[in-house]
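Heads up, the thing below is written out as structure tokens.
Protein chains: 2
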Amino acid sequence: MEENEENQEPENQEILQDLSEQGKTEELVEMFEELPTMDVAEFMEDKPLEDIIEFFKKLDLVDQGRIFSDFTLDLQLNIFQSLDRRTFSRIFSKVFSDIRADLYQELTKEEQIELLPYLEKSVREDVIILSAYPPETAGGIMTTDFATIFADMNAAEALEKLRKDAPSKDMIYYIYVVDHSMVMKGLVTLKDLVMQHPSTKVAEMVNEFFVSAEVNEDRESVAQKIEKYDLIAVPVLNSLNQLVGVVSHEEAIDVIRKEETEDLEKFMGIMPSEDDEEYMATSSFHHFKKRVVWLVSLAAIGIISGMIINEHQGVLENFLILAMYMPMMAATGGNTGSQAATVVIRALSLGEISDRDWLKIVFKEVKISFMLSMCVALLTYLKIAFLSFHSLLPNGITMNFIGIIISLAIALQVITSAVLGAGLPLIVRRLGGDPAVVASPAITTLVDITGLLIYFTIASVALGVG
Amino acid sequence: MEENEENQEPENQEILQDLSEQGKTEELVEMFEELPTMDVAEFMEDKPLEDIIEFFKKLDLVDQGRIFSDFTLDLQLNIFQSLDRRTFSRIFSKVFSDIRADLYQELTKEEQIELLPYLEKSVREDVIILSAYPPETAGGIMTTDFATIFADMNAAEALEKLRKDAPSKDMIYYIYVVDHSMVMKGLVTLKDLVMQHPSTKVAEMVNEFFVSAEVNEDRESVAQKIEKYDLIAVPVLNSLNQLVGVVSHEEAIDVIRKEETEDLEKFMGIMPSEDDEEYMATSSFHHFKKRVVWLVSLAAIGIISGMIINEHQGVLENFLILAMYMPMMAATGGNTGSQAATVVIRALSLGEISDRDWLKIVFKEVKISFMLSMCVALLTYLKIAFLSFHSLLPNGITMNFIGIIISLAIALQVITSAVLGAGLPLIVRRLGGDPAVVASPAITTLVDITGLLIYFTIASVALGVG
Numbered sequence: 157m158e159e160n161e162e163n164q165e166p167e168n169q170e171i172l173q174d175l176s177e178q179g180k181t182e183e184l185v186e187m188f189e190e191l192p193t194m195d196v197a198e199f200m201e202d203k204p205l206e207d208i209i210e211f212f213k214k215l216d217l218v219d220q221g222r223i224f225s226d227f228t229l230d231l232q233l234n235i236f237q238s239l240d241r242r243t244f245s246r247i248f249s250k251v252f253s254d255i256r257a258d259l260y261q262e263l264t265k266e267e268q269i270e271l272l273p274y275l276e277k278s279v280r281e282d283v284i285i286l287s288a289y290p291p292e293t294a295g296g297i298m299t300t301d302f303a304t305i306f307a308d309m310n311a312a313e314a315l316e317k318l319r320k321d322a323p324s325k326d327m328i329y330y331i332y333v334v335d336h337s338m339v340m341k342g343l344v345t346l347k348d349l350v351m352q353h354p355s356t357k358v359a360e361m362v363n364e365f366f367v368s369a370e371v372n373e374d375r376e377s378v379a380q381k382i383e384k385y386d387l388i389a390v391p392v393l394n395s396l397n398q399l400v401g402v403v404s405h406e407e408a409i410d411v412i413r414k415e416e417t418e419d420l421e422k423f424m425g426i427m428p429s430e431d432d433e434e435y436m437a438t439s440s441f442h443h444f445k446k447r448v449v450w451l452v453s454l455a456a457i458g459i460i461s462g463m464i465i466n467e468h469q470g471v472l473e474n475f476l477i478l479a480m481y482m483p484m485m486a487a488t489g490g491n492t493g494s495q496a497a498t499v500v501i502r503a504l505s506l507g508e509i510s511d512r513d514w515l516k517i518v519f520k521e522v523k524i525s526f527m528l529s530m531c532v533a534l535l536t537y538l539k540i541a542f543l544s545f546h547s548l549l550p551n552g553i554t555m556n557f558i559g560i561i562i563s564l565a566i567a568l569q570v571i572t573s574a575v576l577g578a579g580l581p582l583i584v585r586r587l588g589g590d591p592a593v594v595a596s597p598a599i600t601t602l603v604d605i606t607g608l609l610i611y612f613t614i615a616s617v618a619l620g621v622g
Numbered sequence: 157m158e159e160n161e162e163n164q165e166p167e168n169q170e171i172l173q174d175l176s177e178q179g180k181t182e183e184l185v186e187m188f189e190e191l192p193t194m195d196v197a198e199f200m201e202d203k204p205l206e207d208i209i210e211f212f213k214k215l216d217l218v219d220q221g222r223i224f225s226d227f228t229l230d231l232q233l234n235i236f237q238s239l240d241r242r243t244f245s246r247i248f249s250k251v252f253s254d255i256r257a258d259l260y261q262e263l264t265k266e267e268q269i270e271l272l273p274y275l276e277k278s279v280r281e282d283v284i285i286l287s288a289y290p291p292e293t294a295g296g297i298m299t300t301d302f303a304t305i306f307a308d309m310n311a312a313e314a315l316e317k318l319r320k321d322a323p324s325k326d327m328i329y330y331i332y333v334v335d336h337s338m339v340m341k342g343l344v345t346l347k348d349l350v351m352q353h354p355s356t357k358v359a360e361m362v363n364e365f366f367v368s369a370e371v372n373e374d375r376e377s378v379a380q381k382i383e384k385y386d387l388i389a390v391p392v393l394n395s396l397n398q399l400v401g402v403v404s405h406e407e408a409i410d411v412i413r414k415e416e417t418e419d420l421e422k423f424m425g426i427m428p429s430e431d432d433e434e435y436m437a438t439s440s441f442h443h444f445k446k447r448v449v450w451l452v453s454l455a456a457i458g459i460i461s462g463m464i465i466n467e468h469q470g471v472l473e474n475f476l477i478l479a480m481y482m483p484m485m486a487a488t489g490g491n492t493g494s495q496a497a498t499v500v501i502r503a504l505s506l507g508e509i510s511d512r513d514w515l516k517i518v519f520k521e522v523k524i525s526f527m528l529s530m531c532v533a534l535l536t537y538l539k540i541a542f543l544s545f546h547s548l549l550p551n552g553i554t555m556n557f558i559g560i561i562i563s564l565a566i567a568l569q570v571i572t573s574a575v576l577g578a579g580l581p582l583i584v585r586r587l588g589g590d591p592a593v594v595a596s597p598a599i600t601t602l603v604d605i606t607g608l609l610i611y612f613t614i615a616s617v618a619l620g621v622g
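And the structure:
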């Protein structure tokens with residue numbers, strides 16, 4: 157988070173900027189072919205639309221598709237709207253298949269119908285099929301740019317097929333072995349093919365115990381497979397075991413980022429959106445809807461805290477000093493509970509701990525929070541000693557005694573909060589739910605209630621007033 | 157987070173379990189060679205140490221190194237301790253270089269000195285050099301298992317060199333073109349080599365505008381490059397532009413996970429550890445140290461809230477009903493502020509917004525929080541109407557009036573909290589800091605104070621008491 161992404165390859169941007177300012181268009185176009193696609197795309201994005209279209213006219217179609225694939229969705233839509241359908245359809249055919257399907261889904265029904273007749277049959281089918289999968293599934297994030305060979309080929313024949321098929325394929329480091337109905341039989345790596353003697357049969361080197369995903373599988377589960385098995389890509393199969401697509405490692409990173417955002421939002425009491433919208437692109441009303449449910453629900457539950465205070469009006473009226481330490485009691489409990497919940501939810505999600513370890517985890521949190529409680533209690537006692545020592549108290553009760561009571565209550569609150577913060581996510585996981593739904597605001601509200609109960613119970617008993 | 161990682165390839169685990177129970181050792185070892193390494197590693201991890209060592213004796217050294225690389229660090233250490241140094245050194249030589257260096261760093265000085273003499277010179281140097289880089293840099297996460305060729309080779313010669321060098325290399329999809337002092341000249345992909353005519357010179361196909369990392373570069377910046385440019389790996393250069401290692405996409409995912417954990421911890425007021433320790437492996441005292449600073453500091457600052465209450469004893473004594481709504485005031489402000497901060501920090505970190513947009517962001521948060529404040533204020537008014545309508549109040553003040561005052565204060569608190577929650581991370585970013593340090597507990601404590609100020613100011617003025 158510390159580094160600003162924009163400074164990463166500044167020299168490439170400068171090269172392009174210099175050539176552009178000097179009007180060296182030919183050299184500029186040459187650099188478009190040489191430099192990393194993302195740098196070229198970012199350079200173009202800052203230019204007026206007419207310039208981008210001029211640049212595109214000078215590039216071959218494969219480069220156009222490649223660079224267009226790295227544009228933001230907004231720019232892609234703008235280009236779609238400013239080109240005639242026939243010209244656009246040629247670029248569109250060379251755009252990576254997953255990005256093509258994403259863009260297609262953003263078009264209106266009318267625009268889709270206008271575009272389709274200009275596409276080749278194979279592209280048309282590909283776009284329609286890929287757009288049909290829900291975005292949170294393997295099908296929704298897969299590409300159809302993959303290379304296949306047959307088991308009865310030898311290494312030389314397989315390489316020959318790749319040379320014929322592959323210029324248009326992005327990813328040929330894993331090559332999928334299929335039968336003539338596209339049922340997946342196994343996988344060879346390009347490394348295997350190159351390392352083996354040309355006459356070696358594919359059948360002899362094929363790996364049949366490959367990791368795969370189902371087309372309806374949750375995208376998070378697919379990303380976890382890529383992460384766990386250190387894969388460059390994972391093949392996606394339909395219910396007939398036919399190879400229908402491939403999810404690559406870059407999609408996995410993308411999914412991990414999106415799911416982390418979702419988990420963070422859940423944890424902070426924000427309902428995650430289904431369509432991963434950006435902050436500015438999301439309307440204020442939509443932001444409002446994402447936050448209001450938790451906020452109002454917790455405010456409503458907060459009434460319980462008010463009722464507890466109401467119940468103990470007597471003790472508050474006699475010892476108004478207790479009111480002074482109520483905010484600290486609530487805040488410290490909320491902070492301790494949230495810290496414990498954060499650590500436990502994160503460890504659960506990274507697979508470091510399991511809900512079966514609950515006893516060990518709770519015991520550990522008791523130990524940690526005991527140490528924390530001693531520090532907070534000491535601080536509280538010192539505060540009272542220094543700040544309130546000269547307050548007048550009824551019934552001969554000393555300030556020292558009040559200090560001990562409040563410190564004891566806060567210590568208990570810290571331990572209770574840590575156990576609740578760590579325990580609730582474990583219970584939710586145990587019940588089969590997602591521990592991230594145990595939102596930090598919910599824990600804060602809960603420990604407000606337990607904290608006041610502890611506080612007034614101890615105070616009432618010790619001070620002898622209801 | 158929803159799926160349990162353990163269920164992913166259950167069939168593979170079952171295959172191994174069945175063969176193991178039936179005592180079919182030969183078939184079992186065959187499967188160790190066929191199945192994904194991680195599945196084999198996980199199967200072995202559940203077995204007693206003697207069994208693992210028996211399994212290893214039946215596997216060739218390359219497979220031993222490969223499977224050992226996927227073991228947990230704890231198991232790796234156990235195996236180190238139970239094998240004689242000579243036997244261990246043979247496996248160790250075949251372990252992936254980055255994992256080898258990580259394990260080496262976990263050994264005691266004595267153990268390191270005992271192991272070194274058994275290693276071949278090249279392995280010894282590799283381990284010592286890789287262990288010397290700080291773990292948070294490119295050097296600390298890179299591997300030295302990469303393949304190089306020279307620019308004056310042709311495609312056929314380059315492939316021949318790969319066939320000779322590569323069986324021991326993990327990653328040969330990017331091949332690095334170096335001169336005879338290992339200065340990096342460019343990059344070709346294995347795809348390029350295979351696609352080109354065998355007589356084509358490497359110099360003709362080399363890509364000289366490759367993305368690279370410096371050896372001291374922050375690991376997060378390296379991971380961002382892999383993410384941004386969709387790379388399988390990024391070459392790591394020293395100050396002389398010599399190729400010293402490679403960071404692969406799986407390391408990038410690992411770094412992204414670790415940095416997300418760090419950001420989450422920071423945001424929840426937990427000091428991130430430098431050495432990414434797991435929950436259970438971290439001592440309670442270490443957990444305590446990570447949490448205590450924020451907790452005690454915020455509790456100390458919480459004193460200000462107490463002082464504000466103390467200042468307004470007069471109004472509280474007359475209208476004890478105000479105390480009833482203090483917890484809700486604090487909790488709702490904290491929740492609103494944390495929600496806003498979460499959304500803004502996340503959007504900053506994903507590059508969706510920049511601190512230059514601060515005015516637009518603050519304006520948007522005012523709009524969102526205005527809608528939220530209306531809901532919360534209405535709820536509060538209804539609460540007071542239903543729950544406290546029969547309370548007796550001094551000076552002829554009506555419950556309706558009190559309801560309006562409290563609701564107004566809470567509405568103002570919601571808006572202030574959202575603006576503070578969104579604004580603070582923007583200010584920190586503006587000053588060049590990491591917005592994630594604006595911890596949610598800090599915002600909660602801050603809006604406790606602003607909330608009480610708003611509450612008592614409005615109440616004192618409206619009710620005419622100090």
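The listed protein sequences correspond, in order, to chains R and U.
Just so you know, the first sequence maps onto residues 157 to 622 in my numbering.
Just so you know, the second sequence maps onto residues 157 to 622 in my numbering.
Heads up, the beta-carbon is just placed ideally off N, CA and C, and yes, glycines get one too.
Keep in mind it's a predicted model, so treat the numbers as computed, not measured.
Give the secondary structure of R/Met-298 by DSSP, where H, G and I count as helix, E and B as strand, and everything else as coil. The answer is coil: DSSP assigns R/Met-298 none of H, G, I, E or B.
Min CB distance R/Glu-416 to chain U below 8 Å: R/Glu-416 has a beta carbon lying within less than 8 Å of a beta carbon in chain U.
Are there three or more Cβ pairs, one per stretch, closer than 8 Å when the region 353–366 of chain U is compared with the region 303–312 of chain U? Three or more pairs of CB atoms, one per stretch, sit closer than 8 Å, so the region 353–366 of chain U contacts the region 303–312 of chain U.
If I measure Cβ to Cβ from R/Tyr-626 and keep anything under 6 Å in the same chain, skipping five residues before and after, which residues do I get? In the structure displayed, chain R extends from 157 to 622; residue 626 of chain R sits before or after that span and is not available.
So U/Glu-421 packs on R/Thr-498, CB below 8 Å; how close in whole Å? Correct: roughly 7 Å between the Cβ atoms.
Just to confirm the assignment, what range does the beta strand (DSSP E) spanning U/Gly-342 have? Taken as a continuous stretch (DSSP letters only), the beta strand (DSSP E) holding U/Gly-342 covers 340–345.
Suppose the cutoff is 6 Å on Cβ atoms and the five residues either side in sequence are ignored; what does the same chain contact list for U/Asp-321 look like? In the same chain as U/Asp-321, and ignoring 5 residues on each side of it, the C-beta atoms closer than 6 Å to its own belong to Ala-303, in chain order.
Which bits of chain U does R/Tyr-435 rub up against, with CB to CB less than 7 Å? By Cβ distance, chain U contributes Val-499, Ala-503, Glu-508, Ile-509.
Secondary structure at R/Glu-370, three-state DSSP: helix, strand or coil? Here R/Glu-370 carries a strand assignment [DSSP, helix/strand/coil].
With a CB to CB cut of under 7 Å and the five nearest residues on each side skipped, what residues in its chain are close to R/Tyr-329? Excluding positions up to five away in sequence, the list reads Thr-345, Leu-346, Ile-388.
Cβ shell of U/Leu-451 (< 6 Å), same chain only, five flanking positions each side left out: Here the set comprises nothing.
Please classify R/Val-333 as buried or exposed, where buried requires at least 16 other C-beta atoms within 10 Å of its C-beta. It is buried - the Cβ of R/Val-333 has at least 16 other Cβ atoms within 10 Å.
Within-8 Å CB hit, R/Asp-384 to chain U: According to the sequence provided, residue 384 of chain R is Lys. The question's Asp does not apply to it. Chain U contact via Cβ: present.
Exposed or buried, what is R/Lys-446 when buried is set at 16 or more other beta-carbons lying within 10 Å of its beta-carbon? Of the other Cβ atoms in all chains shown, 16 or more fall within 10 Å of the Cβ of R/Lys-446; this residue is therefore buried.
Kindly indicate which residue of U/Glu-201, U/Lys-539, U/Gln-380 has the alpha-carbon position closest to the one of U/Asn-556. Between U/Asn-556 and the set U/Glu-201, U/Lys-539, U/Gln-380, the nearest pair of CA atoms involves U/Lys-539.
Inside the region 228–280 of chain U only - beta strand (DSSP E) runs reaching at least 3 residues: With a minimum length of 3 residues, no continuous beta strand (DSSP E) run stays inside the region 228–280 of chain U.
What is the DSSP secondary structure of U/Pro-354, counted as helix, strand or coil? DSSP places U/Pro-354 in coil when its eight states are reduced to three.
Contained alpha helix (DSSP H) runs [length at least 4] in the region 569–621 of chain R, N- to C-terminal order: Runs of the alpha helix (DSSP H) spanning 4 or more residues and lying entirely within the region 569–621 of chain R occur at 596–619, in chain order.
Compare the C-alpha of R/Asn-397 against each of R/Arg-413, R/Thr-417, R/Ala-369, R/Glu-415 and name the closest. Ranking R/Arg-413, R/Thr-417, R/Ala-369, R/Glu-415 by Cα distance to R/Asn-397 puts R/Ala-369 first.
Measure the beta-carbon distance from U/Asn-491 to R/Pro-597 and round it to whole angstroms, keeping in mind my assumption that it falls under 8 Å. So it is a contact: roughly 4 Å between Cβ atoms.
Where in the region 179–238 of chain U do unbroken runs of the beta strand (DSSP E), each at least 3 residues long, occur, reported from the N-terminal end onward? Fully enclosed beta strand (DSSP E) runs of no fewer than 3 residues are not present anywhere in the region 179–238 of chain U.
Cβ shell of U/Glu-158 (< 6 Å), same chain only, five flanking positions each side left out: Summary for U/Glu-158: the model assigns pLDDT 39, below 50, so the residue's position carries little reliability; its value from the coordinates is reported in the next sentence. Nothing listed; no residue qualifies.
Determine the chain R residues that contact U/Asp-604 at a beta-carbon separation under 7 Å, and present them in chain order. Within chain R, the residues near U/Asp-604 are Pro-483, Ala-487.
State the DSSP-derived secondary structure class of U/Ile-509, mapped to helix, strand or coil. The answer is coil: DSSP assigns U/Ile-509 none of H, G, I, E or B.
Return no unless some Cβ of chain U is closer than 8 Å to the Cβ of R/Pro-428. Between R/Pro-428 and chain U, the shortest Cβ-Cβ separation is not below 8 Å.
Is U/Phe-664 buried or exposed, if buried means 16 or more other CB atoms sit within 10 Å of its CB? Limits of chain U in this structure are 157 at one end and 622 at the other, which puts residue 664 of chain U out of reach.
Between R/Phe-227 and U/Val-378, what straight-line distance do the alpha-carbon atoms span, to the nearest angstrom? Roughly 22 Å separates the two Cα atoms.
Could one say the Cβ of R/Glu-201 lies closer than 8 Å to chain U's Cβ atoms, at least one of them? Not one beta carbon of chain U lies nearer than 8 Å to the beta carbon of R/Glu-201.
For R/Asn-372, decide whether its Cβ has a neighbour in chain U, counting only Cβ atoms nearer than 8 Å. Residue contact check for R/Asn-372 against chain U: no CB pair falls below 8 Å.
Whose C-alpha, out of R/Val-350, R/Asp-374, R/Pro-391, is nearest the C-alpha of R/Val-367? The shortest C-alpha to C-alpha distance from R/Val-367 to any of R/Val-350, R/Asp-374, R/Pro-391 is the one to R/Pro-391.
In terms of alpha-carbon separation, which member of U/Ile-599, U/Arg-246, U/Arg-242, U/Asp-207 lies closest to U/Phe-423? Nearest option by C-alpha distance: U/Ile-599.
Going by the CB atoms, is the gap between U/Leu-215 and U/Val-185 shorter than 8 Å? Their beta carbons are under 8 Å apart, which means U/Val-185 touches U/Leu-215 by this criterion.
Whole-number beta carbon distance between U/Thr-606 and U/Thr-572, since they are thought to touch under 8 Å: Indeed, because the Cβ distance is near 5 Å, the residues count as touching under 8 Å.
Let me see if you follow: with CB-CB separation under 8 Å, is R/Gln-495 close to chain U or not? Chain U contact via Cβ: present.
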